[in-house]
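Protein chains: 2
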Amino acid sequence: MAVIDVEISEVGPRDGLQSIQPIMATAAKKAWIDAEAAAGVREIEVGSFVPASLLPQLADTTELVAHARTIPGLKVAVLVPNFRGAEAAIAAGAHKITIPLSVSETHSLKNVRRTHAQMFEEVARIAALIKSLPAAQRPHFEGGLSTAFGCTLEGVISTRQVVTAAEQLMAAGCDEVGLSDTTGYADPRAVRVLTQAVWAAVGRDKLTGIHLHNTRGQGLACALAAVELGLFTVDASLGGIGGCPFAPGASGNIVTEDLVFMLEAMGLSTGIDLEQLLKVREIVRAALPAEVELYGFTAAAGLPKGFRAASVTA
Amino acid sequence: MAVIDVEISEVGPRDGLQSIQPIMATAAKKAWIDAEAAAGVREIEVGSFVPASLLPQLADTTELVAHARTIPGLKVAVLVPNFRGAEAAIAAGAHKITIPLSVSETHSLKNVRRTHAQMFEEVARIAALIKSLPAAQRPHFEGGLSTAFGCTLEGVISTRQVVTAAEQLMAAGCDEVGLSDTTGYADPRAVRVLTQAVWAAVGRDKLTGIHLHNTRGQGLACALAAVELGLFTVDASLGGIGGCPFAPGASGNIVTEDLVFMLEAMGLSTGIDLEQLLKVREIVRAALPAEVELYGFTAAAGLPKGFRAASVTA
Chain A
1 MAVIDVEISE VGPRDGLQSI QPIMATAAKK AWIDAEAAAG VREIEVGSFV PASLLPQLAD
61 TTELVAHART IPGLKVAVLV PNFRGAEAAI AAGAHKITIP LSVSETHSLK NVRRTHAQMF
121 EEVARIAALI KSLPAAQRPH FEGGLSTAFG CTLEGVISTR QVVTAAEQLM AAGCDEVGLS
181 DTTGYADPRA VRVLTQAVWA AVGRDKLTGI HLHNTRGQGL ACALAAVELG LFTVDASLGG
241 IGGCPFAPGA SGNIVTEDLV FMLEAMGLST GIDLEQLLKV REIVRAALPA EVELYGFTAA
301 AGLPKGFRAA SVTA
Chain B
1 MAVIDVEISE VGPRDGLQSI QPIMATAAKK AWIDAEAAAG VREIEVGSFV PASLLPQLAD
61 TTELVAHART IPGLKVAVLV PNFRGAEAAI AAGAHKITIP LSVSETHSLK NVRRTHAQMF
121 EEVARIAALI KSLPAAQRPH FEGGLSTAFG CTLEGVISTR QVVTAAEQLM AAGCDEVGLS
181 DTTGYADPRA VRVLTQAVWA AVGRDKLTGI HLHNTRGQGL ACALAAVELG LFTVDASLGG
241 IGGCPFAPGA SGNIVTEDLV FMLEAMGLST GIDLEQLLKV REIVRAALPA EVELYGFTAA
301 AGLPKGFRAA SVTA
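Following this line, the structure appears as structure tokens:
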């Protein structure tokens, strides 16, 4: 595969679908994953190992991991809330496992009813399980720093809190940490400040990705700051699916198509064929009820006349 | 007035209103201008001196200039298509006059039925008229480089074309040029490349502002690039009014509120009270039929808990 400048991690099948009521058929999810991988996307978060009673939308994650693993070169990522989820993820064969930790302990208690100490214990158990596996079977284990840019309950989260949480996640056995703007509070300066602070604490190679929301329209500006600072992986969701519960009419995650357009227009290769990616919307559109909105400026406006993407297209 | 880091030029009353069918009442426009100035906006493009037969939405520009001039400290800007418009703008007392030049000559011919040579002649006549005025009455005269980032007819516009047009506008007597992404083709890298090329040709003090569209969702990312490179004035439209004819559901201009949020969150002072600015939407909402959409992520989501703006608020 060609060398790329920025890796897009498609999180629509997980973060997008968990945020909407309708349940997408497993066959449609597979077609979506196939089509995005064919367009050149190299990492897809296909689901989450949470009890089906909590998130019936993601109940087929085991099947999706198995399917996605058959696609050559695709990194298959999943989210897990706890040790039990990690066990299931490992059994399914996920390449990358992310456990989110709310840097805001108030949020953590409210959201997963766990203190930080309890979460770090869970992380350590997962790390030990992973270490017990043969090297070739070990998934990459990431600790997601949720609410890193601010919390809807606590408000401002200090850089110190984020750095401490990052250090503790690494100490508990994560391979890497990731910054996550769960609440859409980030701005480009905050992205730089936090990234550099975490780098200084745990090492530059231990924080390479960021998860941004577009709640206040700052998604692409934050992604620009992140990528130009040197973060490699940026999460995004096709069609911005999932919306934002706090902002009617606003997309939740960054729209994958708009992010790819920005990077490719700037001459940064994502390895993704943008025209092909835009066509994947049709699969998603057809697989969801009409009341689920698909977002995306680039899809609405079309590509500029004479547009040349950085990635060589087939 | 306090020193600011970035100047926002509100172009909604001109660019926004000219793009929609309904005509806003003059009293409502005045209330809008008053409220934005009260919120701290220091430059407002209040209208355009085009024949009322072409743009009845802006037929009251003379009255608006007179009104806006009574607001202490407010820079009153207008657009003019030609010499006759400039005469009217000067008679009305505008502080700043912008004449747009389509860098794409195809676009210029189609849009205003004028070659570049004819446009530069028009610019020279306006410059001579301004020079004939007593120094205190001379408006600032800007040449807007429209379609600078690409043209819906010609496609790619080369950096050379933009630089040449900038040089010719300055030679014809403009005080300054401005970059304008009429078509929503810009990306952050292109903003940097073009700005630096024009700076190299005409001097850094002769290009200080940029007009961006959000057609492909790149508005704020481009604004970030522009501001961090050192451009001082960024155009934006309250509620992103006007939409984008090419992209249903997409705002045309950058949304003023989202831009101010980004800058203030980053610690860059705009002199604008963001909460007060958000309230101005009510005036605009009430003055337009319900079918005219108002955009804005920040308005939809609200300000983050514990948010502190860079500008000291009253």
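Taken in sequence, the protein lines are chains A and B. Taking my numbering, the leading residue of the first sequence gets 1, the next gets one more, and so forth. Taking my numbering, the leading residue of the second sequence gets 1, the next gets one more, and so forth. Glycine included, every Cβ here is placed at the ideal spot set by N, Cα and C.
Sheet register partners of residue i (DSSP bridge)
i: F141/A; result: I97/A
i: V227/B; result: Partner(s): none; V227/B has no beta bridge.
i: T233/A; result: E7/A and G209/A
i: V255/B; result: S237/B
i: S102/A; result: S146/A
i: A77/A; result: E45/A and K96/A
Length of the line joining the Cα atoms of residue i and residue j
i: N82/A; j: G73/A; result: 27 Å
i: R204/A; j: D181/A; result: 19 Å
i: P248/A; j: E167/A; result: Here P248/A scores only 49 on pLDDT, less than 50, and its place in the model should not be relied on; the value that follows carries that caveat. Their Cα atoms are separated by approximately 36 Å.
i: L220/A; j: D235/B; result: 18 Å
i: T233/A; j: A86/A; result: 22 Å
i: F261/A; j: T298/A; result: 7 Å
i: V46/B; j: L303/B; result: 28 Å
i: T98/B; j: R308/B; result: 35 Å
i: S132/B; j: H95/B; result: 16 Å
i: G12/B; j: L294/A; result: 27 Å
i: T70/A; j: H213/A; result: 30 Å
i: I254/A; j: Q137/B; result: 48 Å
i: L231/A; j: P51/A; result: 32 Å
i: A28/B; j: V6/B; result: 27 Å
i: L194/B; j: I210/B; result: 11 Å
i: T164/A; j: T208/A; result: 17 Å
i: Q196/B; j: E121/A; result: 53 Å
i: V3/A; j: A286/B; result: 53 Å
i: L229/B; j: A223/B; result: 10 Å
i: K305/A; j: G184/B; result: 11 Å
i: P22/A; j: D15/B; result: 40 Å
i: A314/B; j: V227/B; result: Caution applies to A314/B, whose pLDDT of 43 falls short of 50 and renders its modelled position unreliable; the model cannot decide the point.
i: I90/A; j: T26/A; result: 20 Å
i: G252/B; j: M1/A; result: 38 Å
i: A77/B; j: R113/A; result: 56 Å
i: V123/B; j: L79/B; result: 13 Å
i: A301/A; j: L259/B; result: 21 Å
i: A88/A; j: A37/A; result: 24 Å
Proximal residues to residue i (C-beta, below 8 Å), its chain only, five neighbours per side dropped
i: L127/B; result: In the sequence as presented, Leu is not what sits at residue 127/B; that position holds Ala. F141, A172, G173 and C174.
i: I157/A; result: V103, S104, T147, A148, F149, G150 and C151
i: I20/A; result: Q57, I241, G242, G243, L288 and V292
i: T115/A; result: E105, S108 and L109
i: Q18/B; result: S48, L55, Q57, L58 and G242
i: E257/B; result: L238, G239, L274, L277, L278, R281, G296, T298 and A299
Beta-carbon proximity list for residue i, same chain, < 7 Å, skipping 5 on both sides
i: A39/B; result: I272, D273, Q276, L277 and V280
i: A225/A; result: P188, V191 and R192
i: F246/A; result: The predicted model places F246/A with a pLDDT of 48, which falls under 50 and marks its position as unreliable; any figure quoted below should be read in that light. Within the same chain, F246/A has close Cβ partners T215.
i: K206/A; result: M170, E176 and V177
i: E332/A; result: Nothing about residue 332/A can be reported from this structure: the residues present for chain A run from 1 to 314 only.
i: Q218/A; result: A186 and D187
i: V202/A; result: A166, E167, M170 and V177
Same chain, Cβ closer than 6 Å to residue i, five either side skipped, listed in chain order
i: T106/B; result: L153 and E154
i: I283/B; result: A31, W32 and A35
i: G267/A; result: A310
i: Q161/A; result: V103
i: T62/B; result: A92
i: H67/A; result: K30
i: G144/B; result: T98, P100, G178 and S180
i: S9/B; result: E43, T233 and D235
i: I130/A; result: R138 and F141
Cβ-heavy atom distance, residue i to the ligand PLP, below 6 Å
i: D205/A; result: The model on display carries no ligand, and the ligand PLP is accordingly not part of it.
Neighbour flag for residue i against chain D, beta carbons, 7 Å
i: L220/A; result: Given the protein chain composition of this structure (A and B), no chain D is represented.
Query raised in the report: Fully enclosed by the region 153 to 222 of chain A, which beta strand (DSSP E) runs are 3 residues long or longer?
Result: 176 to 180 and 207 to 211
Query - Sequence ranges, alpha helix (DSSP H) only - wholly within the region 41 to 74 of chain B, length at least 4 - result: 61 to 68
**Report entry** Inside the region 261 to 310 of chain B only - alpha helix (DSSP H) runs reaching at least 4 residues
**Finding:** Qualifying alpha helix (DSSP H) stretches, in chain order: 274 to 287 and 297 to 301.
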